[in-house]
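S.K.: Residue numbers (this note's numbering): 1439 to 1582.
Every residue, glycine too, gets a C-beta built ideally from N, C-alpha and C.
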Amino acid sequence: MERKCIICGNVFQAKCGKSALCSDECRAERQRQLSAAYIAKRREINKTKGYEEKYCVICGKEYQPTSGKQKTCSERCKKIEKARYQAEWYRERKIEGVHYDKTEPEKPKKAKKKDSLTADAVAAHKLGVSYGQYIAYYKRGGGK
Ligand SMILES: [Zn+2]
Ligand SMILES: [Zn+2]
C-alpha cells in the first residue's frame, strides 16, 4: 500500500494501513510534534482556566500548573514543600508563643455548660456518688 509520510512527505510502501510514517526518524519526529501539540493544548486549557506558567517554589523549574493551588512542579517537590510548610508552621507558632491546640478551641458558650457539669460533679461528690449516678438518681428522678 502506498502512503505519503505525514512528516517528510515521502511516498513509501506501508506495511499496514495505519502507518503514515516512513521511518523511525519520522515516527520520533511525529512523537515530538504530538507532545508539543499536547503541551500547547494543555497550555491553552490552563490559560482559559486562568492558570499561568509558574516556577516551582522548591526547585525553581518552570511548570504548567494543573490547578490554581499548585505551587510545585512535581509530586517530589510537593512533598518537600509540604514538609517545609509544616516546619515553618511549627516554627512560627513557637516564636509567637502561641499554644495552638486544634482539639481544644476556645468556645465561651460551651464553657458555661462545662460549669454546670462541674457543679453537678461537685454535688455528686458531696453525696458520695459518681457523676453518672448523680445524674441518673437526682437529676432524672430515677433509681431504686
Ligand atoms: Zn518520513
Ligand atoms: Zn520542582
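To which residues of the same chain is Lys1516 closer than 6 Å at the C-beta, ignoring the five residues directly before and after it?
M.R.: On the sequence shown, position 78 is the one that residue 1516 refers to. Closer than 6 Å at the Cβ level, and outside the excluded window around Lys1516, lie Thr1510.
S.K.: Can you tell me which residues form a DSSP beta bridge with Tyr1501?
M.R.: Here residue 1501 is taken as the residue at index 63 of the sequence shown, counted from 1. According to DSSP, which records beta bridges pairwise, Tyr1501 is partnered with Lys1492.
S.K.: Using alpha carbons as the reference points, say which of Lys1485, Thr1504 and Gln1508 lies closest to Ile1496.
M.R.: For this step, residue 1496 is matched to residue 58 along the sequence shown. Nearest of Lys1485, Thr1504 and Gln1508 to Ile1496, Cα basis: Gln1508.
S.K.: Could you name the residues of the same chain whose beta carbon sits closer than 6 Å to that of Cys1446, not counting the 5 residues immediately before and after it, in chain order?
M.R.: By one-based count along the sequence shown, residue 1446 stands at place 8. Result list for Cys1446: Cys1464, in chain order.
S.K.: Answer with buried or exposed for Ala1475, where buried requires no fewer than 16 other C-beta atoms within 10 angstroms of its C-beta.
M.R.: One-based indexing of the sequence shown puts residue 1475 at position 37. Burial call: exposed.
S.K.: Quick one: residues with CB closer than 6 Å to any heavy atom of ligand 2, in chain order, please.
M.R.: Listed by chain position, these are Cys1494, Ile1496, Cys1497, Lys1499, Thr1510, Cys1511, Ser1512 and Cys1515.
S.K.: Compare the Cα-Cα distances from Thr1596 to each of Glu1530, Lys1492 and Ala1559 and report the closest residue.
M.R.: This structure leaves residue 1596 out entirely; the chain is present only between 1439 and 1582.
S.K.: How would you label Ala1628, buried or exposed, when you count the other beta carbons within 10 angstroms and need 16 or more for buried?
M.R.: Because residue 1628 is not part of the residues shown, which for the chain are 1439 to 1582, the question remains open.
S.K.: Go ahead and pull the three-state DSSP assignment for Arg1578.
M.R.: Here the question's residue 1578 lines up with position 140 in the sequence shown. Residue state, collapsed to three classes: coil.
S.K.: Have a look at Cys1494 and Glu1513 and give me their C-alpha separation to the nearest angstrom.
M.R.: Counting from one through the sequence shown, the residue named residue 1494 turns up at place 56. Counting from one through the sequence shown, the residue named residue 1513 turns up at place 75. Looking at the two C-alpha atoms, the distance is approximately 11 Å.
S.K.: Let me check understanding here. Comparing Cα to Cα, which of Ser1568, Ile1483, Gln1524 and Ile1477 lies closest to Gly1506?
M.R.: Taking the first residue of the sequence shown as 1, we reach residue 1506 at position 68. Of the listed residues, the one whose Cα sits closest to Gly1506 is Ile1483.
S.K.: Cβ-heavy atom distance between Leu1472 and ligand 1 below 7 Å?
M.R.: Residue 1472 sits at position 34 when you count from the first residue of the sequence shown. The answer is no for Leu1472.
S.K.: On a CA-only basis, which of Glu1467, Val1449 and Gln1502 is nearest Ile1477? Give me that one, please.
M.R.: In the sequence shown, counting from the first residue as 1, residue 1477 sits at position 39. Looking at the Cα atoms, Gln1502 is the closest of the given residues.
S.K.: Per DSSP, Lys1442 is paired with what?
M.R.: Sequence index remark: in the sequence shown, residue 1442 carries index 4 (1-based). Lys1442 pairs with Val1449.
S.K.: When you compare only the Cα positions, how much space is there between Gln1471 and Arg1531?
M.R.: As a working mapping, residue 1471 is identified with position 33 in the sequence shown. As a working mapping, residue 1531 is identified with position 93 in the sequence shown. In a straight line, the C-alpha of Gln1471 is about 51 Å away from that of Arg1531.
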